[in-house]
Structure formats: structure tokens, C-alpha cells
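Asks:
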Amino acid sequence: MARGRAPGAPIVQEITDVTQDPEPRRNARLEDIDRQHFFHPNTDLRAFSAGELGDATIVEEAAGIEVRLRDGRRLIDAGAGLLCVNVGYGRTEIADAIAAQARRLAFYHAHAGHASEPAIRLTERVLALAPPGMRSVFWGLQGSDAHETMIKIVWYANNALGRPRKKKIIARHRAYHGLTIMAGSLSGLPGLHRGFDLPIGPVLHTEAPYAYRRPDPDMSEAAYARSCADALERLILAEGADTVAAFIAEPVMSSGGVLPPPDGYWEAIQTVLRRHDVMLLLDEVVTGFGRLGRWFGADVYGLDADMISVAKGLTSGYLPLAGTLVSERVWSMLEEGSRRFGPFAHGFTFVAHPVCCAAALANLDILAREDLPGNAARSGAWLLSALRARFGDHPLVGDIRGVGLLAAIEFVADRASRRRFDAALALGPRISRAARDEGLIIRALPEGDIIAFSPALTITPAQIDDIVARLARAIDR
Ligand SMILES: Cc1ncc(COP(=O)(O)O)c(C=O)c1O
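One gets my numbering by counting positions in the sequence shown from 1 and adding 41 to each.
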């Protein structure tokens, strides 16, 4: 399709032409429309539309942990889409639940006290699975909007309590909490801010618990954990505890490097937060629903959160749905808000969408029936030991780490000094591309030469061994 399409000339007509293409497996027109008109997120727009990023990746179908591209290539997906397809692809049980709900009630809104049965049942189910102390769920559509909701609740609650100064939010460097304006501001990766005038608002960042790169390698993990908590406390005191409302973090930082917290980290952090009456906002968008080997990361680390965000694994990506879980304590502040301000004036058209809730219920049935959190713990241990056995002595491998089915390899130019490769080499993306040629999808993280694994929670030891063998061939290249 020509770049200089006349105004009003049909694009759709050309898409439907695809079915008549003599070479349907590799359809040049479809790829051209993709390049010229499909605005892809997180993509170099110029290079993509100029065709400089290689063959198109048009995914056509998937089953289990394997996806098939339109050009016929089959790839093992070691990332479960974007860390979300926890039950694996092709679960007809979820597809059937979606179809049945769409036929019965495709939509009704949840504003001004309206509800649908799947939304109520899902609320009950998620609260029963959630860590103790959670009272209520606000349903949204994705991780980012769950965090918009969270921060609005924090500000609203403090206004309701007559503490208008207590508004600052502390996040961590390297964090990824999403890309809407507030979620993007909370995220702590500079590449996400560049060109967007972010971060905005009363957002501060403190240290990430990056044990492999702690300033003094001789420091014990416990001492390093205390130093992270001390840094947080210094920041709260410097800003004034009466101005700091909340601290947001993932139980295990995911896109920022897969950073399991060092021993004692969460205990020390929670002590600081309690001392200064700062809320703990837990981002369980990745870790919720089994990824770390328990239903929630809060269960793994004994976290007592004020609010918890969930998304991805809630529906395993079959439809978009997110939730902001609110504790009893925060709920009582919101009731005070109703007394002061009237109705809680926040929400979106698609809050608690009945079809998405039906998908989530069917997904949670599978996670529970097949004990997929338990499998994540067992298979996660297998994955970590297989990676260590295969790559532990590799001269370019600095660290292999993980919890449950969230794992990573960090590559270094020099193991002794932990020196990084020159960023211009883009080693992580190169390994990811080499893996693609071995039929493996593996994600290179945005900062540092780190590749991450987050397969479906159904994965078996044999499938893990296959992934490790493919990766070894990719690294050898
Ligand atoms: C930890 C974490 N929080 C939040 C988000 C944002 O979720 P979404 O992309 O659904 O807005 C992500 C997305 O990858 C994430 O990894």
C-alpha cells in the first residue's frame, strides 16, 4: 500500500483482500498496512515503518506455550505474551465462558451502584484468594489504570482525613508500573520518560534492591537490605513525613531487572513505612495469580499492603481486566470521603465489564484446579537450577536469579568486576534476536544486558529443558 494514499481511500478493502492473496502465508499487503498504519507501542516508529526492523511478526494462533506466526514459523514463548498468559494459550474453557457471557449480557456499566453477576462473583473470589485485610475491589482494564486509581484513592483518602499536605508518592528507580501519565511517572526507567515530560506530580524515587549491583559486593545481603530501608527513611525525613503519603513497589521487581529482594528487605521497608504512617501500595500486576509460586507476592514475603493492584494473570490475557484491591483501613477513609465529598467521582465506562469478569472466573477455575501456583514453584525451581547448570560458568554470565517462574540472566563483559557491555552493543536485544532464530521468544529487559523468563505457569521440566537448549544455541552464536 502506498504511503501517499488519497484521503478517504479505503484501507479496510485492502485488508479484506488478504484472503484472496495468492501467497496467504506471507502477505505483503498486510505487512505493508502494519508498517504504515498500525501505531505500535514501544517500537521505533521510523525504523519500523521504513522496514528496518526485519520481518513482520504477525501472530496467528497459539496453543499451550507455542505461538505460530502467519509466515508459518513456530516459536516457544518463554514470556507468556507479556508475562500474562498464566494458564497458557488455547484454553477453550475460557473462550466458551466469554462467548456465553457475551450472548447473555455483553455489557452493563457499574456506575451508581449497578452490577452484573460475574462482577460480583469475581469480587468475592478474588477477595477470598487475596492476602488478609482486603475489603473491596475497584475493577479497571489494565495495570496502568489500576495505578491511576490507586493514586487517586491515596490523595482522596488523605483529603478526607484532613491531611492535604500528605500527598507525595515514593516509587523506586528501575520500577515499571505502566505508561499512563501517573503510572509512567511512578515508573523509574529513564527511557520511559524521555520526550514525554515525565515524571510529573509529587513523585519521588528511591533505591531499587539490586543485590547483584550493590555498591559494596562484600556487604551482606541483610546489611544491603537495611541500607535500602535507610535510604527510604532518609528520603521520607528529608521531604517531611507529613508530606509523604505512600510507597509503591512490586514484591519482586520484574521489568526493571528481575530483582528478588535481598534477605530482610521487606521487613525493614515495612518497619520504616509504619513508623512514618506511609501507605504500602503493592503492584502485583505481574506477581499476582501464581507467578512467584503462591497466589500473591504478598504471601511470599508476608506483606501487609494498604492496596494491591492486579491485572495480567487475572484473565491470563484472554481479555483485559485489572483490579485495585483496597484494605479495610483504606475503605474506612473512603467512607469518610463519601461523607465529605459525596459520590466517589472516579471510574471508566468499562469498569467491571461482565464479559471480562466471566473470563477471569474461568481462568481462576483453571489456576486453582491445576494448582498452577504450585507448579510455578516447582517448575520455577527446575528452571533456575537448569539455567545455573547450563550457564553458571559462562564467561559472559554475571548473575542468574529468580523467584517462581520469574527468572533472569544478566550478562557482563567481565565477571570479576561485573562490568557492563557497552550499551551500543545492545547485547540483550541481540541475544533475544538470536533466540528467535532458534524458535524461542525471550524478552530483553530495557536496562542492562538482562534477558528474562516468565513462561506460562503450566510449563513442564521437559519444556524448560528445551528452552534452555535453544537459548544455549542462541548464546553460542
Ligand atoms: C509490574 C507492572 N506493573 C504495571 C504494568 C502496567 O500494566 P499495563 O501494561 O497493563 O498497563 C506492568 C506491565 O507490564 C507491569 O509489569
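Glycine residues also receive a C-beta, built at the ideal position from the N, C-alpha and C atoms.
What residues in its chain sit with their C-beta under 6 Å from that of T57, if we drop five residues either side in the sequence?
Replies: In the sequence shown, counting from the first residue as 1, residue 57 sits at position 16. In this predicted model, T57 has a pLDDT of only 41, less than 50, meaning its place in the structure is not dependable enough to derive any value.
Asks: On a Cα-Cα basis, can you pick out the residue from A282, E248, I482 and L273 that is closest to A216?
Replies: Stepping through the sequence shown from its first residue, residue 216 is reached at position 175. Of the listed residues, the one whose Cα sits closest to A216 is E248.
Asks: How should P502 be labelled, buried or exposed, when 16 other C-beta atoms within 10 angstroms of its C-beta is the threshold for buried?
Replies: Here residue 502 refers to the residue found at position 461 of the sequence shown. Exposed.
Asks: Compare the C-beta of A309 against all C-beta atoms of chain B and say whether one is closer than 8 Å.
Replies: Reference to chain B is not applicable here, since this structure consists of a single protein chain.
Asks: Just checking D324 against ligand 1 - is the residue's beta carbon closer than 7 Å to any of the ligand's heavy atoms?
Replies: For the purposes of this step, residue 324 is taken as the residue at position 283 of the sequence shown. Indeed, a heavy atom of ligand 1 lies less than 7 Å from the Cβ.
Asks: Can you determine whether any heavy atom of ligand 1 sits closer than 7 Å to the C-beta of Y217, and answer yes or no?
Replies: One-based indexing of the sequence shown puts residue 217 at position 176. At least one heavy atom of ligand 1 is nearer than 7 Å to the Cβ of Y217, so yes.
Asks: Output the distance between the C-alpha atoms of L110 and G225, rounded to the nearest integer angstrom.
Replies: Position 69 of the sequence shown, counted from the first residue, corresponds to residue 110. Position 184 of the sequence shown, counted from the first residue, corresponds to residue 225. Computed Cα separation, rounded: 31 Å.
Asks: Helix, strand or coil for R315 per DSSP?
Replies: By 1-based counting over the sequence shown, the position of residue 315 is 274. If DSSP states are grouped into helix, strand and coil, R315 belongs with the helices.
Asks: Taking the C-alpha atoms as reference points, what is the distance between R235 and G229?
Replies: To locate residue 235, count along the sequence shown from 1; it is residue 194. To locate residue 229, count along the sequence shown from 1; it is residue 188. R235 and G229: Cα-Cα distance of roughly 11 Å.
Asks: Please determine whether the Cβ atom of A352 lies at a distance below 7 Å from any heavy atom of ligand 1.
Replies: The sequence position of residue 352 within the sequence shown is 311, counting from 1. The answer is yes for A352.
Asks: If I351 sits next to R442, beta carbons under 8 Å apart, how far is it from one beta carbon to the other, in whole angstroms?
Replies: Here the question's residue 351 lines up with position 310 in the sequence shown. Here the question's residue 442 lines up with position 401 in the sequence shown. One point to set straight first is that residue 351 is Val, not Ile, in the sequence displayed. Actually they do not touch by this definition, with Cβ atoms about 24 Å apart.
Asks: Could you give the residue range of the beta strand (DSSP E) that holds G443?
Replies: By 1-based counting over the sequence shown, the position of residue 443 is 402. Looking at the DSSP string, the run of the beta strand (DSSP E) that includes G443 is V438 to V444.
Asks: Which term fits R518, buried or exposed, when burial requires 16 or more other beta carbons within 10 angstroms of its beta carbon?
Replies: What you label residue 518 is simply residue 477 of the sequence shown in a count that begins at 1. Per the 10 Å Cβ criterion, exposed.
Asks: Where does P292 land, buried or exposed, given buried means 16+ other C-beta within 10 angstroms?
Replies: Taking the first residue of the sequence shown as 1, we reach residue 292 at position 251. Buried, since its Cβ has 16 or more Cβ neighbours within 10 Å.
Asks: Rounded to whole angstroms, how far is the Cβ of D186 from the Cβ of T221, which I believe are closer than 8 Å?
Replies: Taking the first residue of the sequence shown as position 1, residue 186 is located at position 145. Taking the first residue of the sequence shown as position 1, residue 221 is located at position 180. About 7 Å separates the two Cβ atoms, so the contact holds.
Asks: In chain order, what residues of the same chain have a beta carbon less than 7 Å from the beta carbon of A454, not counting five sequence neighbours either side?
Replies: Position 413 of the sequence shown, counted from the first residue, corresponds to residue 454. Counting only Cβ-Cβ distances below 7 Å, and skipping sequence neighbours, we find R460, R461 and F462.
Asks: Touch check for the segment 205-215 and the segment 406-416: three-plus C-beta pairs under 8 Å?
Replies: Verdict: no, contact absent.
Asks: Check whether the segment 352-359 and the segment 389-404 touch, using three or more Cβ-Cβ pairs below 8 Å as the test.
Replies: Yes, since at least three Cβ pairs between the segment 352-359 and the segment 389-404 fall closer than 8 Å, the two stretches touch.
Asks: Extract the residue ranges of the beta strand (DSSP E) inside the segment 347-374, only unbroken runs of 3 or more that lie entirely within it.
Replies: If we require 3 residues or more, the beta strand (DSSP E) runs fully inside the segment 347-374 come out as 348-351 and 363-368.
Asks: In three-state terms, what does DSSP make of H246?
Replies: Here residue 246 is taken as the residue at index 205 of the sequence shown, counted from 1. Here H246 sits in strand by DSSP.
Asks: Closer than 7 Å: is that where the CB of E291 sits relative to any heavy atom of ligand 1?
Replies: What you label residue 291 is simply residue 250 of the sequence shown in a count that begins at 1. Indeed, a heavy atom of ligand 1 lies less than 7 Å from the Cβ.
Asks: According to DSSP, simplified to helix, strand and coil, what is V59?
Replies: For the purposes of this step, residue 59 is taken as residue 18 along the sequence shown, with counting starting at 1. In this prediction, V59 scores a pLDDT of 44, lower than 50, which makes its location untrustworthy; the coordinate-derived value is nonetheless stated afterwards. Of the three classes helix, strand and coil, the one that applies to V59 here is helix, per DSSP.
Asks: Measure the CB-CB distance between V319 and A287 and report whether it falls below 8 Å.
Replies: Counting from one through the sequence shown, the residue named residue 319 turns up at place 278. Counting from one through the sequence shown, the residue named residue 287 turns up at place 246. Going by C-beta atoms, V319 is nearer than 8 Å to A287.
Asks: Straight-line CA distance for F179 to V438?
Replies: As a position in the sequence shown, residue 179 is number 138, starting the count at 1. As a position in the sequence shown, residue 438 is number 397, starting the count at 1. Roughly 43 Å between the two C-alpha positions.
Asks: Report the three-state DSSP secondary structure of Y217 (helix, strand or coil).
Replies: For this step, residue 217 is matched to residue 176 along the sequence shown. Y217 falls in the coil class under three-state DSSP.
Asks: Does DSSP put R511 in a helix, in a strand, or in coil?
Replies: Here residue 511 corresponds to residue number 470 of the sequence shown, with the count starting at 1. If DSSP states are grouped into helix, strand and coil, R511 belongs with the helices.
Asks: Going by DSSP, what residue range makes up the alpha helix (DSSP H) through A264?
Replies: As a working note, residue 264 is residue 223 in the sequence shown. Note, A264: alpha helix (DSSP H), E262 to E280.
Asks: Given a threshold of 16 other Cβ atoms within 10 Å of its Cβ, counted over all protein chains shown, does S90 qualify as buried or as exposed?
Replies: Counted from its first residue, the sequence shown places residue 90 at position 49. Burial call: buried.
Asks: Exposed or buried, E451, counting other C-beta atoms within 10 Å across all chains shown (16 or more means buried)?
Replies: Residue 451 sits at position 410 when you count from the first residue of the sequence shown. With 16 or more Cβ atoms within 10 Å of its Cβ, E451 is classed as buried.
Asks: Mapping the DSSP letters down to three states, classify K193 as helix, strand or coil.
Replies: Looking up residue 193 in the sequence shown gives position 152. In this structure, K193 counts as helix in the three-state DSSP scheme.
Asks: Within its chain, find whatever has a CB closer than 8 Å to the CB of G480; leave out the 5 residues flanking it on each side and keep chain order.
Replies: Counting from 1 along the sequence shown, the entry for residue 480 is found at position 439. If we look at G480 and ignore the five residues flanking it on each side, its Cβ neighbours are R114, R115, L116, I117 and R511.
Asks: Over the uninterrupted alpha helix (DSSP H) stretch that includes A401, give me the two end residues.
Replies: Working through the sequence shown from its first residue, we reach residue 401 at position 360. P395 to R410 is the extent of the alpha helix (DSSP H) around A401.
Asks: At what residues does the beta strand (DSSP E) containing R176 begin and finish?
Replies: Locating residue 176 in the sequence shown gives position 135, counting from the first residue. Segment M175 to G181, the beta strand (DSSP E) holding R176.
Asks: Look at L446 and R332 and say whether their C-beta atoms are less than 8 Å apart.
Replies: Numbered from 1 along the sequence shown, position 405 holds the residue referred to as residue 446. Numbered from 1 along the sequence shown, position 291 holds the residue referred to as residue 332. Yes, they are a contact pair.
Asks: The alpha helix (DSSP H) that contains F432, what's its start and end?
Replies: Residue mapping note: residue 432 aligns to position 391 of the sequence shown, counting from 1. Counting along the chain, the alpha helix (DSSP H) containing F432 begins and ends at L413 to F432.
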